[in-house]
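Residue numbers (the numbering used here): 1242 to 1397. Built from N, CA and C at the ideal position, the CB exists for glycine as well. Since the structure comes first, as structure tokens, the remarks are kept for the end.
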């Protein structure tokens, strides 16, 4: 590999490592980052990425292990509307270093918005867990990944 190719490879990889796990997964799957919405409880903790087709993924923090959620597990428009209503009236982004009840990143943004409807966030996470697909690969979606997500997110 010549030096020019090495520089190109390094530049292409660096943003992937700097991105969140949800964004990295979206990029790896060939999707536009932020095409879906992200719900986390607390922000940066147990995280659900919901795509417009109702599928998604669950991960914890920036850990690379993910659990895939089946298509049509969610009514994307309905979830989006519910989350917008929950955030309505909240006046700002979630400041760095704080632990608000829950966080949401709406499609097309990179801003974590605070909302206090923990029951809604937990319900969405539980729905995703109940609609999870079986483990399929050697690293991200294997049995161990499912067990780690189950423990860290507190799923039964």
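Output the boundary residues of the beta strand (DSSP E) element that contains residue i.
i	result
residue 1281	1278 to 1282
residue 1354	1354 to 1356
To the nearest angstrom, report how far apart residue i and residue j are at their CA atoms.
i	j	result
residue 1313	residue 1292	9 Å
residue 1360	residue 1287	14 Å
residue 1352	residue 1374	29 Å
residue 1278	residue 1343	13 Å
residue 1397	residue 1376	17 Å
residue 1386	residue 1392	10 Å
residue 1388	residue 1370	12 Å
residue 1281	residue 1364	11 Å
residue 1303	residue 1327	25 Å
residue 1283	residue 1378	28 Å
residue 1289	residue 1366	6 Å
residue 1258	residue 1285	In this prediction, residue 1258 has a pLDDT of 28, which is less than 50 and means its spatial position is unreliable; nothing more can be read from the coordinates.
residue 1394	residue 1362	12 Å
residue 1358	residue 1347	16 Å
residue 1350	residue 1383	30 Å
residue 1356	residue 1368	19 Å
residue 1390	residue 1372	14 Å
residue 1329	residue 1311	29 Å
Considering just the uninterrupted stretch of the alpha helix (DSSP H) at residue i, what are its terminal residues?
i	result
residue 1323	1317 to 1328
residue 1365	1359 to 1371
residue 1384	1384 to 1394
Taking the beta carbon of residue i as the centre, do at least 16 other beta carbons fall within 10 Å, making it buried, or is it exposed?
i	result
residue 1307	buried
residue 1295	buried
residue 1309	buried
residue 1305	exposed
residue 1276	exposed
Have a look at the DSSP bridge pairing and note the partners of residue i.
i	result
residue 1346	1279
residue 1299	1289, 1308
(Q) Counting beta carbon pairs with one atom in the stretch 1298 to 1307 and one in the stretch 1315 to 1322, are three or more of them shorter than 8 Å? (A) no
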